[in-house]
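Counting in numbering that gives the first Met the number 0, the sequence shown runs from 0 upward without gaps.
A virtual CB, placed ideally from N, CA and C, is assigned to each residue, including glycine.
Remember, it's a predicted structure, so these values are computed and weren't measured experimentally.
One structure below.
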Amino acid sequence: MILEPVALTPDRDLPGPVLTELAELYASNHAYHALSGDFPDPYDIRAEQVAVALADEVRNPDVEILLARSSGRLVGVAITLAHHPDSADPDPWIGLLLVDANRQREGHGRAVATRVEDRFREAGRDALRLAVLDNNPGALAFWTALGYEVIGHRRDRVLDRPCAVLRKVLR
(Lines of atoms letter the chains of each structure in order from A and count residues from 1; the text may use other names and numbers.)
(Lines give C-alpha, C1' and ligand atoms only; values in the text may rest on other atoms or scores of the structure.)
Protein backbone atom coordinates (compact mmCIF):
# COMPACT_ATOMS: atom_id res chain seq x y z
CA MET A 1 0.00 0.00 0.00
CA ILE A 2 1.11 3.52 -0.82
CA LEU A 3 0.11 6.47 1.36
CA GLU A 4 0.61 9.79 -0.42
CA PRO A 5 -0.47 13.38 0.26
CA VAL A 6 -2.96 14.89 -2.16
CA ALA A 7 -1.27 17.22 -4.62
CA LEU A 8 -3.58 20.22 -4.85
CA THR A 9 -4.10 22.25 -8.00
CA PRO A 10 -2.34 25.66 -8.31
CA ASP A 11 -5.60 27.21 -7.00
CA ARG A 12 -5.37 24.96 -3.90
CA ASP A 13 -8.29 22.75 -4.91
CA LEU A 14 -8.63 19.01 -5.09
CA PRO A 15 -7.88 17.79 -8.62
CA GLY A 16 -11.01 16.60 -10.41
CA PRO A 17 -9.96 12.93 -10.75
CA VAL A 18 -9.00 12.77 -7.05
CA LEU A 19 -12.31 14.35 -6.05
CA THR A 20 -14.15 11.74 -8.13
CA GLU A 21 -12.23 8.94 -6.40
CA LEU A 22 -12.87 10.44 -2.97
CA ALA A 23 -16.59 10.80 -3.71
CA GLU A 24 -16.77 7.10 -4.63
CA LEU A 25 -14.92 6.18 -1.44
CA TYR A 26 -17.18 8.37 0.72
CA ALA A 27 -20.30 7.06 -1.04
CA SER A 28 -19.33 3.45 -0.29
CA ASN A 29 -19.53 4.15 3.46
CA HIS A 30 -23.30 4.44 3.94
CA ALA A 31 -23.22 3.03 7.48
CA TYR A 32 -20.59 5.49 8.72
CA HIS A 33 -22.31 8.48 7.16
CA ALA A 34 -25.65 7.40 8.61
CA LEU A 35 -23.99 7.50 12.06
CA SER A 36 -22.06 10.72 11.51
CA GLY A 37 -24.74 12.85 9.88
CA ASP A 38 -22.06 14.48 7.73
CA PHE A 39 -24.23 14.27 4.59
CA PRO A 40 -28.00 14.79 4.20
CA ASP A 41 -28.49 11.43 2.46
CA PRO A 42 -25.82 8.79 3.22
CA TYR A 43 -26.98 6.84 0.14
CA ASP A 44 -26.51 9.77 -2.25
CA ILE A 45 -23.12 11.38 -1.69
CA ARG A 46 -21.86 13.44 -4.60
CA ALA A 47 -18.49 14.91 -5.53
CA GLU A 48 -19.73 18.47 -4.93
CA GLN A 49 -20.72 17.54 -1.36
CA VAL A 50 -17.34 15.93 -0.70
CA ALA A 51 -15.59 19.05 -2.04
CA VAL A 52 -17.60 21.19 0.39
CA ALA A 53 -16.94 18.77 3.26
CA LEU A 54 -13.18 18.96 2.59
CA ALA A 55 -12.97 22.69 1.81
CA ASP A 56 -11.74 23.71 5.27
CA GLU A 57 -9.15 20.92 5.30
CA VAL A 58 -7.84 21.86 1.86
CA ARG A 59 -7.32 25.48 3.00
CA ASN A 60 -5.67 24.62 6.33
CA PRO A 61 -1.85 24.37 6.05
CA ASP A 62 -1.76 22.14 9.17
CA VAL A 63 -4.01 19.55 7.52
CA GLU A 64 -2.80 16.78 5.27
CA ILE A 65 -5.12 14.65 3.17
CA LEU A 66 -3.44 11.31 2.59
CA LEU A 67 -4.59 8.90 -0.09
CA ALA A 68 -4.10 5.17 0.45
CA ARG A 69 -3.69 3.20 -2.76
CA SER A 70 -3.40 -0.52 -3.31
CA SER A 71 -2.69 -1.84 -6.80
CA GLY A 72 -3.24 1.70 -8.08
CA ARG A 73 -6.79 1.99 -6.67
CA LEU A 74 -7.89 4.30 -3.89
CA VAL A 75 -8.75 2.11 -0.89
CA GLY A 76 -8.73 4.72 1.86
CA VAL A 77 -8.12 8.26 2.99
CA ALA A 78 -6.67 9.72 6.17
CA ILE A 79 -6.97 13.35 7.16
CA THR A 80 -4.43 14.49 9.71
CA LEU A 81 -4.02 17.68 11.67
CA ALA A 82 -0.51 18.65 12.77
CA HIS A 83 -1.77 21.06 15.44
CA HIS A 84 -5.16 21.03 17.14
CA PRO A 85 -6.96 24.40 17.30
CA ASP A 86 -6.96 24.07 21.11
CA SER A 87 -3.49 25.37 22.04
CA ALA A 88 -3.59 23.32 25.26
CA ASP A 89 -3.58 20.14 23.13
CA PRO A 90 0.02 19.31 22.17
CA ASP A 91 -0.65 16.30 19.95
CA PRO A 92 -1.39 15.93 16.25
CA TRP A 93 -4.74 14.37 15.35
CA ILE A 94 -6.23 11.93 12.90
CA GLY A 95 -9.40 13.72 11.84
CA LEU A 96 -10.67 10.93 9.62
CA LEU A 97 -9.63 7.49 8.47
CA LEU A 98 -12.03 6.05 5.94
CA VAL A 99 -11.58 2.79 4.02
CA ASP A 100 -13.64 1.82 0.99
CA ALA A 101 -16.54 -0.20 2.45
CA ASN A 102 -15.98 -2.87 -0.21
CA ARG A 103 -12.37 -3.30 0.95
CA GLN A 104 -12.85 -3.31 4.71
CA ARG A 105 -11.59 -6.25 6.77
CA GLU A 106 -8.59 -6.62 4.44
CA GLY A 107 -6.12 -4.83 6.73
CA HIS A 108 -6.18 -1.50 4.91
CA GLY A 109 -7.38 0.48 7.94
CA ARG A 110 -4.63 -0.93 10.13
CA ALA A 111 -2.03 -0.30 7.41
CA VAL A 112 -3.13 3.32 6.94
CA ALA A 113 -3.17 3.96 10.70
CA THR A 114 0.32 2.47 11.05
CA ARG A 115 1.70 4.59 8.23
CA VAL A 116 0.12 7.74 9.67
CA GLU A 117 1.68 6.93 13.06
CA ASP A 118 5.04 6.35 11.39
CA ARG A 119 4.86 9.74 9.64
CA PHE A 120 4.28 11.55 12.94
CA ARG A 121 6.88 9.45 14.78
CA GLU A 122 9.46 10.32 12.10
CA ALA A 123 8.50 13.99 12.50
CA GLY A 124 9.43 13.74 16.19
CA ARG A 125 5.90 13.76 17.57
CA ASP A 126 5.34 11.91 20.85
CA ALA A 127 1.67 10.94 20.62
CA LEU A 128 -1.36 11.01 18.34
CA ARG A 129 -5.03 11.69 19.13
CA LEU A 130 -8.36 11.16 17.48
CA ALA A 131 -12.03 11.28 18.36
CA VAL A 132 -14.60 8.53 17.87
CA LEU A 133 -18.29 9.25 17.80
CA ASP A 134 -20.01 7.73 20.82
CA ASN A 135 -22.51 6.01 18.52
CA ASN A 136 -19.74 4.15 16.64
CA PRO A 137 -18.64 1.20 18.82
CA GLY A 138 -17.01 -0.50 15.82
CA ALA A 139 -14.60 2.39 15.38
CA LEU A 140 -13.87 2.44 19.10
CA ALA A 141 -13.03 -1.28 18.98
CA PHE A 142 -10.79 -0.74 15.92
CA TRP A 143 -8.77 2.07 17.50
CA THR A 144 -8.42 0.43 20.93
CA ALA A 145 -7.19 -2.75 19.21
CA LEU A 146 -4.43 -0.57 17.70
CA GLY A 147 -3.34 0.61 21.14
CA TYR A 148 -5.27 3.87 21.48
CA GLU A 149 -6.67 4.61 24.92
CA VAL A 150 -9.73 6.66 25.80
CA ILE A 151 -8.53 9.76 27.66
CA GLY A 152 -11.75 11.71 27.83
CA HIS A 153 -15.10 12.61 26.33
CA ARG A 154 -16.22 15.83 24.68
CA ARG A 155 -18.41 17.19 21.91
CA ASP A 156 -16.91 17.55 18.46
CA ARG A 157 -16.04 21.05 17.31
CA VAL A 158 -18.14 21.13 14.14
CA LEU A 159 -21.44 19.31 14.71
CA ASP A 160 -21.45 19.13 18.53
CA ARG A 161 -21.69 15.31 18.54
CA PRO A 162 -20.61 13.34 21.64
CA CYS A 163 -17.20 11.70 21.17
CA ALA A 164 -14.58 9.71 22.98
CA VAL A 165 -11.08 11.19 22.68
CA LEU A 166 -8.34 8.60 22.26
CA ARG A 167 -4.57 8.93 22.45
CA LYS A 168 -1.62 6.70 21.59
CA VAL A 169 1.96 7.29 22.68
CA LEU A 170 4.23 6.92 19.63
CA ARG A 171 7.58 6.39 21.33
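I44 is the residue among A138, R114, L158, I44 whose C-alpha sits nearest the C-alpha of E20. Beyond the five residues adjoining it in sequence on each side, V62 comes within less than 6 Å, by CB distance, of E56, L80 in the same chain, given in chain order.
Here DSSP, grouped into helix, strand and coil, assigns P41 to coil. DSSP, read as helix, strand or coil, puts V164 in strand.
Buried is the label assigned to N28, since at least 16 other Cβ atoms lie within 10 Å of its Cβ. Using a Cβ-Cβ distance cut-off of 8 Å, the segment 89-100 and the segment 64-81 are in contact, since at least three pairs of beta carbons, one from each stretch, lie closer than that value.
For P136, the enclosing alpha helix (DSSP H) has its first and last residue at 136-144. Considering only N135, A122, E116, Y42, the residue with the shortest C-alpha distance to L145 is E116. Take the alpha-carbon of H82 and the one of R104: they are about 30 Å apart.
Counting the other Cβ atoms within 10 Å of the Cβ of H152 gives fewer than 16, which makes it exposed. Secondary structure of S27 (DSSP, three-state): coil. Around the Cβ of Y147, a 10 Å sphere holds 16 or more other Cβ atoms; the residue is buried. With 16 or more other Cβ atoms inside 10 Å of its own Cβ, L65 counts as buried.
Cβ neighbours of A52 within its own chain (closer than 7 Å, five residues either side excluded): D37.
Distance from D90 to A138 at the Cβ level is roughly 19 Å; contact not present, criterion being Cβ atoms closer than 8 Å. Within the same chain, G108 come within 7 Å of F141 by CB-CB distance, once the 5 residues on both sides are set aside. Annotation: H152 is outside any alpha helix (DSSP H); the continuous beta strand (DSSP E) that includes it extends over 148-154.
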